[in-house]
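This report concerns only the one structure given below.
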Amino acid sequence: MGLRKPPLYDAHADAGARFTEFGGWDMPVEYDSIKAEHAAVRESVGIFDVSHMSEIEVSGPDATALMQRLTTNDVTALDPGDSQYSAIVDDEGVIIDDTVVYRLPDRDGRVYLFIPNAGHDEEMYDRWTSFRDDWDLDATVEDVTEEWAMFAVQGPDALDTVTDAAPDANLGGLSKFQATFADVAGVECWVARTGYTGEDGFEVLCPWDDAETVWSSLDATPCGLGCRDTLRMEMGYLLSGQDFDPEDEPRTPYEAGIGFVVKLDTEFVGRDALEQQREDGVDETFVGFTLLDRGIPRHGYDIATEDGDVVGVVTSGTMSPTLSEPIGLGYVPTEYAESGTIVQVLVRGREKRAKIVTPPFIDR
Amino acid sequence: MFEIPDDRKYLESHEWTTTDGDTVRVGISDFAQDELGDVVFVELPAEGDEVAAGDEFGVVESIKAVSDLYAPISGTVAAVNEDLFDAPELVNDDPYGDGWMLELEPSDTDEFDDLLSPEEYREQTE
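The listed protein sequences derive, respectively, from chains V and R. Numbering of the first sequence is given in UniProt numbering, commencing with residue 1 and proceeding in unit increments. Numbering of the second sequence is given in UniProt numbering, commencing with residue 1 and proceeding in unit increments.
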């Protein structure tokens with residue numbers, strides 16, 4: 001099966017983008033320079049085509065109950081127009097996916113849209129419908145991944161950029177994690193003040209067929225997903241399939257440093273396992289580190305103690321474009337997780353000294 | 001189009017070589033630096049190290065990728081471009097000039113015959 005393509009694939013190619021696979025989609029990884037695109041987001045504003053992200057809509061009388069039981073955060077805390085970061089875990093509490101759950105306003109108040117990672121739409125649709133049927137809940141689940149294009153406008157100038165394209169909407173009045181329907185370049189879009197680069201940002205969802213109109217109305221530096229990864233790493237945010245993966249890197253929210261999305265006073269799949277782990281504590285913890293010696297940490301490299309005993313693994317790493325320092329993320333036994341602890345990273349087999357740092361790596 | 005100067009020879013793995021008769025200078029091609037993207041790290045051998053034709057002699061890393069560097073001919077490392085340790089972006093900015101990586105004293109100049117001509121390398125990158 002070929003790779004799926006975003007609606008603006010040809011436009012990206014015409015703009016000189018290079019493409020690579022993200023979750024079964026052929027997406028722009030960089031236009032000209034990851035470093036330059038990264039800097040645009042940190043210093044002014046960039047725009048990402050993130051139409052490869054999945055979108056699942058859940059509606060009906062039992063929509064809240066279904067969302068509550070399949071995500072770890074407390075969906076009932078959401079007013080219409082609110083959103084929350086959340087996790088989807090299995091019976092053992094292992095993260096299957098992380099997601100943002102939106103509660104849509106102006107509908108009947110029981111419509112949710114959640115955004116699984118790229119390529120997870122079918123799996124999540126199946127999960128939602130099968131649990132719905134098992135629990136006999138009255139909810140409609142729709143995979144709308146290819147109905148919505150999605151753009152992320154990120155950076156200190158993001159508000160001005162989106163406001164220029166949507167002058168009638170009071171987007172400055174949105175606080176972080178709030179969203180609204182807004183007219184962007186004449187197209188009704190779902191505009192949310194969310195995003196995970198550490199900067200102010202908006203995600204704009206528009207009908208697939210209107211992608212070109214909306215994209216071209218947002219005046220920002222086109223950015224590929226290469227710099228989205230480096231921006232996220234600088235913040236210590238999880239990369240799906242890399243920092244957690246139910247097969248290759250099975251981790252619970254507590255191990256992965258997102259225990260704040262677990263609300264044990266709600267009922268959800270995996271709750272009991274997570275309650276037990278919270279009582280017992282975790283053996284391994286997600287940490288950040290900077291390399292003190294020359295080299296760049298990469299996914300899969302071992303982490304060792306100063307004595308050379310391998311104790312952990314690097315899950316993400318790069319040369320931080322903002323700091324010009326090698327940074328990484330990974331899991332170590334909890335006794336090595338304290339900030340300032342010296343460990344070693346085996347860069348192609350060679351021991352390089354590293355210092356544990358609590359992310360974010362940059363001051364945000 | 002990528003620049004492929006006629007005054008040097010190339011490897012399939014995208015290194016170039018020039019020689020002044022005594023030493024051989026080595027770097028990576030314009031095509032290679034463009035494929036890599038922003039170069040952020042270069043690891044090179046020490047002066048005096050011996051390398052053999054076809055062996056890995058170092059590593060060049062961009063933000064997104066790690067690539068091994070291969071020696072075009074056998075010899076002794078006479079110099080390394082230490083400027084790259086502080087300014088690896090020279091590889092992107094000037095791959096055939098200030099972005100050079102290594103100078104070798106060759107032990108077997110016949111090995112030059114095994115390298116690609118500019119025309120042959122041009123065909124490979126097309």
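Just so you know, even glycine gets a beta-carbon here, dropped at the ideal spot from N, CA and C.
- Own chain, CB closer than 6 Å to Ile-34 (chain V), minus 5 neighbours either side, in chain order: Residue mapping note: residue 34 (chain V) aligns to position 34 of the first sequence, counting from 1. Counting only Cβ-Cβ distances below 6 Å, and skipping sequence neighbours, we find Gly-226, Cys-227.
- Message: Which residues does DSSP list as the beta-bridge partners of Leu-69 (chain R)?
- Response: Mapped onto the second sequence, residue 69 (chain R) falls at position 69. Per DSSP, R:Gly-58.
- Can the beta-carbon of residue 388 (chain V) be found less than 7 Å from the beta-carbon of Pro-250 (chain V)? Any answer about residue 388 (chain V) is impossible in this case: the structure gives chain V only from 1 up to 364.
- Item | Residue environment, Glu-255 (chain V), which counts as buried when at least 16 other CB atoms sit within 10 Å | Looking up residue 255 (chain V) in the first sequence gives position 255. The residue in question, Glu-255 (chain V), is buried, as its Cβ has 16 or more Cβ neighbours within 10 Å.
- Query: Is the CB-CB distance between Trp-128 (chain V) and Leu-205 (chain V) below 7 Å?
  - Reply: Along the first sequence, one-based indexing puts residue 128 (chain V) at 128. Along the first sequence, one-based indexing puts residue 205 (chain V) at 205. Not a contact, by the Cβ cut-off of 7 Å.
- If you draw a straight line from the C-alpha of Met-27 (chain V) to the C-alpha of Asp-243 (chain V), how long is it? Numbered from its first residue, the first sequence carries residue 27 (chain V) at position 27. Numbered from its first residue, the first sequence carries residue 243 (chain V) at position 243. Taking the straight line from one Cα to the other gives about 20 Å.
- Look at the Cβ atom of Lys-355 (chain V), then the Cβ atom of Asp-293 (chain V), and state whether they are nearer than 7 Å. Taking the first residue of the first sequence as position 1, residue 355 (chain V) is located at position 355. Taking the first residue of the first sequence as position 1, residue 293 (chain V) is located at position 293. Contact flag unset, no.
- Message: Using beta carbons (cut-off 7 Å, strictly below), is Val-60 (chain R) in contact with chain V?
- Response: By 1-based counting over the second sequence, the position of residue 60 (chain R) is 60. Not flagged as an interface residue toward chain V: Val-60 (chain R), since no C-beta distance is shorter than 7 Å.
- Query: Alpha carbon to alpha carbon, what distance is there between Asp-97 (chain V) and Asp-245 (chain V)?
  - Reply: Locating residue 245 (chain V) in the first sequence gives position 245, counting from the first residue. Locating residue 97 (chain V) in the first sequence gives position 97, counting from the first residue. Distance from the CA atom of Asp-245 (chain V) to the CA atom of Asp-97 (chain V), rounded to whole angstroms, is 8 Å.
- 6 Å CB neighbourhood of Val-45 (chain V) in its chain, flanking five on each side removed: Position 45 of the first sequence, counted from the first residue, corresponds to residue 45 (chain V). Gly-155, Asp-157, Ala-158, Thr-161, Ala-220, listed in sequence order.
- Query: Near Val-111 (chain V), what residues of its chain come up, given a Cβ to Cβ distance below 6 Å and the 5 sequence neighbours on each side ignored?
  - Reply: The residue labelled residue 111 (chain V) in the question sits at position 111 within the first sequence. Correct list, in chain order: Ser-59, Leu-104.
- With 7 Å as the threshold, decide whether the Cβ of Lys-64 (chain R) is near any Cβ in chain V. Position 64 of the second sequence, counted from the start, is the residue given in the question as residue 64 (chain R). Answer yes: the Cβ-Cβ gap between Lys-64 (chain R) and chain V drops below 7 Å somewhere.
- Query: Are the region 271-284 of chain V and the region 22-33 of chain R in contact at 8 Å, needing three or more beta carbon pairs?
  - Reply: Output reads no: the region 22-33 of chain R does not touch the region 271-284 of chain V.
- So is Asp-110 (chain R) in contact with chain V if we call contact Cβ pairs under 7 Å? Counting from one through the second sequence, the residue named residue 110 (chain R) turns up at place 110. No, no contact with chain V.
- Message: Let me check understanding here. Comparing Cα to Cα, which of V:His-38, V:Leu-238, V:Asp-363, V:Asn-73 lies closest to Ile-88 (chain V)?
- Response: For the purposes of this step, residue 88 (chain V) is taken as the residue at position 88 of the first sequence. Residue V:Asn-73 is the option with its Cα nearest to Ile-88 (chain V).
- Query: For Val-310 (chain V), which residues from the same chain have a beta carbon less than 8 Å from its beta carbon, with the 5 sequence-adjacent residues on both sides left out?
  - Reply: Translated into the one-based positions of the first sequence, residue 310 (chain V) becomes position 310. The residues are Asp-302, Ile-303, Ala-304, Leu-346.
- Task: Just mark Ile-28 (chain R) as buried or exposed, buried being the case when its beta carbon has 16 or more other beta carbons within 10 Å.
- Result: One-based indexing of the second sequence puts residue 28 (chain R) at position 28. Buried, since its Cβ has 16 or more Cβ neighbours within 10 Å.
- Message: Three Cβ pairs or more, each shorter than 8 Å: is that satisfied between the region 11-20 of chain V and the region 111-124 of chain V?
- Response: no
- Query: DSSP puts Gly-317 (chain V) in a beta bridge; with which residues?
  - Reply: Position 317 of the first sequence, counted from the first residue, corresponds to residue 317 (chain V). According to DSSP, Gly-317 (chain V) shares a beta bridge with V:Gly-328.
- Item | For Thr-76 (chain R), three-class secondary structure by DSSP | Within the second sequence, residue 76 (chain R) is the residue found at index 76, counting from 1. Correct three-state label for Thr-76 (chain R): strand.
- Item | Beta carbon proximity, Ser-33 (chain V) to chain R, threshold 7 Å | Here residue 33 (chain V) corresponds to residue number 33 of the first sequence, with the count starting at 1. With 7 Å as the cut-off, Ser-33 (chain V) counts as an interface residue toward chain R.
- Message: When you compare the CB of Met-53 (chain V) with every CB in chain R, is at least one pair closer than 7 Å?
- Response: The residue given as residue 53 (chain V) occupies position 53 in the first sequence. Not one chain R Cβ lies under 7 Å of Met-53 (chain V).
- Task: Go ahead and label Trp-100 (chain R) buried or exposed: buried means 16 or more other beta carbons lie within 10 angstroms of its beta carbon, across all protein chains shown.
- Result: In the second sequence, the residue the question calls residue 100 (chain R) occupies position 100. Per the 10 Å Cβ criterion, buried.
- Query: In the structure shown, what three-state DSSP assignment does Thr-285 (chain V) receive?
  - Reply: Within the first sequence, the letter at position 285 stands for residue 285 (chain V). It is a strand residue.
- Which ranges would you report for the beta strand (DSSP E) in the region 218-268 of chain V if only whole runs of at least 3 residues count? Correct list: 221-223.
- Query: Is the shortest distance between the beta-carbon of Met-233 (chain V) and the beta-carbons of chain R less than 7 Å?
  - Reply: By one-based count along the first sequence, residue 233 (chain V) stands at place 233. No - not a single Cβ of chain R is within 7 Å of the one on Met-233 (chain V).
- Contact the region 2-9 of chain R vs the region 112-119 of chain R: 3+ CB pairs below 8 Å: yes
- Taking only beta-carbon positions, decide if Gly-99 (chain R) is within less than 7 Å of chain V. By one-based count along the second sequence, residue 99 (chain R) stands at place 99. It does not; no Cβ of chain V falls within 7 Å.
- If Val-101 (chain V) and Val-75 (chain V) are in contact, beta carbons under 8 Å, what's the gap, nearest whole angstrom? In the first sequence, the residue the question calls residue 101 (chain V) occupies position 101. In the first sequence, the residue the question calls residue 75 (chain V) occupies position 75. Their Cβ separation, rounded to whole angstroms, is 6 Å, which keeps Val-101 (chain V) and Val-75 (chain V) in contact under 8 Å.
- Below 8 Å on the Cβ atoms is my guess for Val-357 (chain V) versus Phe-289 (chain V); work out the distance and round it to an integer in Å. On the first sequence, position 357 is the one that residue 357 (chain V) refers to. On the first sequence, position 289 is the one that residue 289 (chain V) refers to. Val-357 (chain V) to Phe-289 (chain V), Cβ: 6 Å. Contact.
- Using DSSP with H/G/I as helix, E/B as strand and the rest coil, what is Arg-127 (chain V)? Translated into the one-based positions of the first sequence, residue 127 (chain V) becomes position 127. In the structure shown, Arg-127 (chain V) sits in a helix (DSSP, three-state: H, G or I).
- Task: Take Gly-259 (chain V) as the anchor and find which of V:Ala-337, V:Asp-307, V:Ser-86, V:Ser-216 has the nearest alpha-carbon.
- Result: Here residue 259 (chain V) corresponds to residue number 259 of the first sequence, with the count starting at 1. Looking at V:Ala-337, V:Asp-307, V:Ser-86, V:Ser-216, the one whose alpha-carbon comes closest to that of Gly-259 (chain V) is V:Ser-86.
- Query: In whole angstroms, what separates the C-alpha of Asp-307 (chain V) from that of Ala-273 (chain V)?
  - Reply: Your numbering for residue 307 (chain V) matches position 307 in the first sequence. Your numbering for residue 273 (chain V) matches position 273 in the first sequence. Each residue's alpha carbon lies about 34 Å from the other.
- Message: Am I right that Ser-130 (chain V) and Val-184 (chain V) are in contact with their C-beta atoms under 8 Å? What's the rounded C-beta distance?
- Response: Working through the first sequence from its first residue, we reach residue 130 (chain V) at position 130. Working through the first sequence from its first residue, we reach residue 184 (chain V) at position 184. With a Cβ gap of about 36 Å, Ser-130 (chain V) and Val-184 (chain V) do not count as contacting.
- Message: Just to confirm before moving on: does the CB-CB distance between residue 366 (chain V) and Phe-181 (chain V) stay below 7 Å?
- Response: This structure cannot speak to residue 366 (chain V), because chain V is shown only from 1 to 364.
- If we ignore side chains and look at the alpha-carbon of each, how far apart do Ser-54 (chain V) and Gly-81 (chain V) end up? Counting from 1 along the first sequence, the entry for residue 54 (chain V) is found at position 54. Counting from 1 along the first sequence, the entry for residue 81 (chain V) is found at position 81. If you take the alpha carbons of Ser-54 (chain V) and Gly-81 (chain V), they lie about 19 Å apart.
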